[in-house]
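Asker: Numbering (UniProt numbering), first residue to last: 1 to 520. Once you've had a glance at the structure underneath, I'll fire off some questions.
So, in structure tokens, the structure goes:
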């Protein structure tokens with residue numbers, strides 16, 4: 001540092017002497033001016049070379065993943081290098097750059113050397129991110145983290161943040177933003193180009209790859225927000241995301257259209273009434289949406305409630321720079337998810353009636369699929385979100401409707417057990433045992449009721465046992481529903497079993513309850 005200081009003093013004296021000599025305008029001094037100018041130029045070249053070399057010593061490219069995976073801060077210029085670099089930069093800017101034919105500036109050298117360091121350090125992540133997207137199986141939906149964009153964004157944040165710290169140590173505060181922007185611009189340009197390449201890929205495979213768009217938006221928005229708070233530069237990441245945000249906004253309508261296409265294309269449904277693959281795929285898709293609440297919620301807010309029902313129109317978008325990730329965003333997600341589920345149930349109901357046909361079997365199919373949806377919601381993180389929009393209550397309505405359809409033949413059986421007052425000719429006479437006094441015609445009617453009930457009850461029990469209920473809670477729920485028949489039968493049997501012959505009564509109360517219990 002002492003040698004550098006002495007050298008700078010000599011160059012400064014030379015520069016001052018040259019300026020003084022030039023100010024005389026004497027023809028006799030022209031030769032001396034020429035010689036001193038050459039000396040100053042040589043000194044300038046040497047100082048710039050020294051400045052460049054000093055910067056380069058701490059500007060070898062690094063491996064970003066090393067710092068990310070180990071949660072280490074990205075390196076900054078060594079403390080012992082900061083003062084020499086600052087002194088050289090100040091001297092070059094204040095003294096050398098005023099000399100004629102000055103080769104460069106301290107700012108240019110700094111942004112070139114450090115800009116190359118940043119770009120070279122990040123280049124492998126840029127290429128890996130694009131290669132990963134292009135090499136992925138696009139028939140399967142993208143899962144969060146499948147692409148390296150989050151690592152890339154973290155690396156950008158880490159190395160940009162470290163560079164801003166360097167700038168703060170070396171330059172006056174009024175130059176910080178300018179120096180930071182110029183130094184990081186080459187790497188930022190590559191980063192933006194990478195996002196554009198990902199966007200082209202997503203547009204081609206919208207239905208499965210739109211989740212990559214959400215991943216990009218979520219990761220890059222977080223990076224931009226944190227860096228913006230530190231550096232004051234808030235626009236570059238917003239601008240970089242504009243194309244992919246437009247694509248992501250268009251994906252919501254496309255997902256609904258794909259739901260309809262795939263549903264209408266179903267050539268059959270499980271004839272045993274179990275959960276179909278279509279239901280599983282739709283719920284997996286909605287679960288993926290909840291992996292990106294900030295991105296999805298903000299995009300839906302910008303799009304506007306229910307505007308996802310129509311093809312995407314950029315004119316509908318509000319200011320993309322405003323990005324709300326609060327409760328309103330979750331409410332929009334809830335509205336979108338419940339609309340998707342509602343459309344899915346409607347398609348399943350239509351397909352069940354087309355392929356299964358029988359009402360009770362259709363009801364079993366719907367109950368099983370609805371139960372799967374309810375379980376998927378509880379396990380997949382959708383429950384909290386759907387509560388905001390009353391979505392769980394809407395799903396409950398579908399479940400009640402399916403159960404009601406399942407119970408239609410059971411209610412028909414219950415109709416045979418309705419307690420009636422038989423008045424064929426006169427009011428019924430009740431004996432001391434409180435049993436009705438029936439005419440022969442009334443007794444025949446009671447016999448027919450027992451016979452009809454027995455046939456239908458046996459059929460319903462056989463059918464109930466034949467149905468497949470993958471979810472034990474569904475089986476328990478339907479068992480509880482059908483046991484309503486037991487007290488009705490008990491009252492009917494108690495009132496009429498002594499007035500008709502036993503051959504017409506297949507079950508006593510305990511026997512019927514035992515048969516029902518076998519359905520558990």
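All C-beta atoms in this analysis are idealised placements derived from N, C-alpha and C, irrespective of residue type, glycine included.
Which of helix, strand or coil does DSSP assign to residue 59?
Answerer: If DSSP states are grouped into helix, strand and coil, residue 59 belongs with coil.
Asker: Are the beta-carbon atoms belonging to residue 237 and residue 158 less than 7 Å from one another?
Answerer: It is not a contact, given that the beta carbons lie outside the stated cut-off.
Asker: What residue from 193, 462, 252 and 374 has the CA that sits closest to residue 208's CA?
Answerer: Ranking the options by Cα distance to residue 208, first place goes to 252.
Asker: Looking at the unbroken alpha helix (DSSP H) that takes in residue 494, where does it start and where does it end?
Answerer: Residues 485 to 496.
Asker: In the DSSP assignment, the alpha helix (DSSP H) including residue 459 goes from what residue to what residue?
Answerer: Taken as a continuous stretch (DSSP letters only), the alpha helix (DSSP H) holding residue 459 covers 440 to 466.
Asker: Would you mind working out which of 474, 218, 231 and 247 sits nearest residue 180, comparing C-alpha positions?
Answerer: Considering only alpha carbons, the answer is 231.
Asker: How far does the alpha helix (DSSP H) with residue 229 in it reach, from first residue to last?
Answerer: Counting along the chain, the alpha helix (DSSP H) containing residue 229 begins and ends at 206 to 231.
Asker: Tell me the rounded alpha-carbon separation between residue 438 and residue 493.
Answerer: Each residue's alpha carbon lies about 15 Å from the other.
Asker: Less than 8 Å between the CB atoms is what I'm expecting for residue 289 and residue 337, so what's the real figure, rounded?
Answerer: Right, the Cβ-Cβ distance comes to about 7 Å (below 8 Å), so this counts as a contact.
Asker: Please work out which residues of its chain come closer than 6 Å, Cβ to Cβ, to residue 132, disregarding the five sequence neighbours upstream and downstream, and give them in chain order.
Answerer: Excluding residues within five positions, the ones whose Cβ falls inside 6 Å are 147 and 148.
Asker: Can you find the residues in the same chain that come closer than 7 Å, C-beta to C-beta, to residue 512, ignoring five residues on each side of it along the sequence?
Answerer: The residues are 486 and 489.
Asker: What are the boundary residues of the alpha helix (DSSP H) that residue 311 is part of?
Answerer: Premise fails: residue 311 is in no alpha helix (DSSP H) and is neither H nor E.
Asker: Take the Cβ of residue 187 as the centre, count every other Cβ of all protein chains shown within 10 Å, and call the residue buried at 16 or more, exposed below.
Answerer: Under this definition residue 187 is a buried residue.
Asker: Sorted by chain position, which residues of the same chain lie with C-beta nearer than 6 Å to residue 347's C-beta, five sequence neighbours on each side aside?
Answerer: Closer than 6 Å at the Cβ level, and outside the excluded window around residue 347, lie 263.
Asker: Answer yes if the segment 127 to 141 comes into contact with the segment 198 to 217, meaning at least three C-beta pairs across the two stretches below 8 Å, and no otherwise.
Answerer: Judged by Cβ distances under 8 Å, the segment 198 to 217 makes contact with the segment 127 to 141, as three or more pairs qualify.
Asker: Under 7 Å between the Cβ atoms of residue 496 and residue 446?
Answerer: Their beta carbons are under 7 Å apart, which means residue 496 touches residue 446 by this criterion.
Asker: Kindly indicate which three-state DSSP category residue 166 falls into: helix, strand or coil?
Answerer: Three-state result, residue 166: helix.
Asker: With H, G and I counted as helix, E and B as strand and the rest as coil, what does DSSP make of residue 141?
Answerer: In this structure, residue 141 counts as coil in the three-state DSSP scheme.
Asker: Taking Cβ to Cβ, would you say residue 405 is nearer than 7 Å to residue 359?
Answerer: In this structure, residue 359 lies closer than 7 Å to residue 405 by Cβ.
Asker: Near residue 479, which residues of its chain fall below 6 Å by C-beta distance, leaving aside the five closest residues on each side in sequence?
Answerer: Closer than 6 Å at the Cβ level, and outside the excluded window around residue 479, lie 519 and 520.
Asker: Give every residue of the same chain whose Cβ lies closer than 8 Å to the Cβ of residue 220, excluding the five residues on either side of it in the sequence, and list them in chain order.
Answerer: Once the five neighbours on either side are set aside, the close Cβ partners of residue 220 are 149, 153, 195, 237, 240 and 241.
Asker: If you check the beta carbons only, do residue 416 and residue 378 fall under 7 Å apart?
Answerer: No, Cβ-Cβ distance for residue 416 and residue 378 is not below 7 Å.
Asker: Rounded to whole angstroms, what's the CA-CA distance from residue 229 to residue 223? Just pull it up for me.
Answerer: Near 10 Å, if we compare the C-alpha coordinates of residue 223 and residue 229.
Asker: So residue 474 and residue 368 are in contact, right, with Cβ under 8 Å, and what is the actual spacing, rounded?
Answerer: Going by Cβ atoms, the distance from residue 474 to residue 368 rounds to 6 Å, so yes, they are a contact pair.
Asker: Can you tell which of 370, 56, 170 and 499 has its C-alpha closest to the C-alpha of residue 349?
Answerer: Of 370, 56, 170 and 499, the residue nearest in Cα terms is 370.
Asker: Can you give me the Cβ contacts of residue 483 inside the same chain, cut-off strictly under 7 Å, excluding the 5 residues immediately before and after it?
Answerer: If we look at residue 483 and ignore the five residues flanking it on each side, its Cβ neighbours are 516.
Asker: Could you tell me whether the Cβ atoms of residue 68 and residue 151 are closer together than 7 Å?
Answerer: Result yes, Cβ atoms of residue 68 and residue 151 sit closer than 7 Å.
Asker: Rounded to the nearest angstrom, what separates residue 502 and residue 451 at their Cα positions?
Answerer: C-alpha separation (whole angstroms): 11 Å.
Asker: Compare the Cα-Cα distances from residue 90 to each of 170, 505 and 280 and report the closest residue.
Answerer: That would be 170, whose Cα lies nearest to the Cα of residue 90.
Asker: What does a CB cutoff of less than 7 Å around residue 454 pick up in its chain, not counting 5 residues either side in sequence?
Answerer: So the list reads 506, once near-sequence residues are dropped.
Asker: Kindly provide the ranges of any alpha helix (DSSP H) runs that are 4 or more residues long and lie completely inside the segment 228 to 300, ordered along the chain.
Answerer: For the segment 228 to 300, whole alpha helix (DSSP H) runs of length 4 or above, ordered along the chain, are 236 to 264 and 277 to 289.
Asker: Taking just the CA atoms, how far does residue 418 sit from residue 508?
Answerer: Going from the Cα of residue 508 to the Cα of residue 418 covers about 17 Å.
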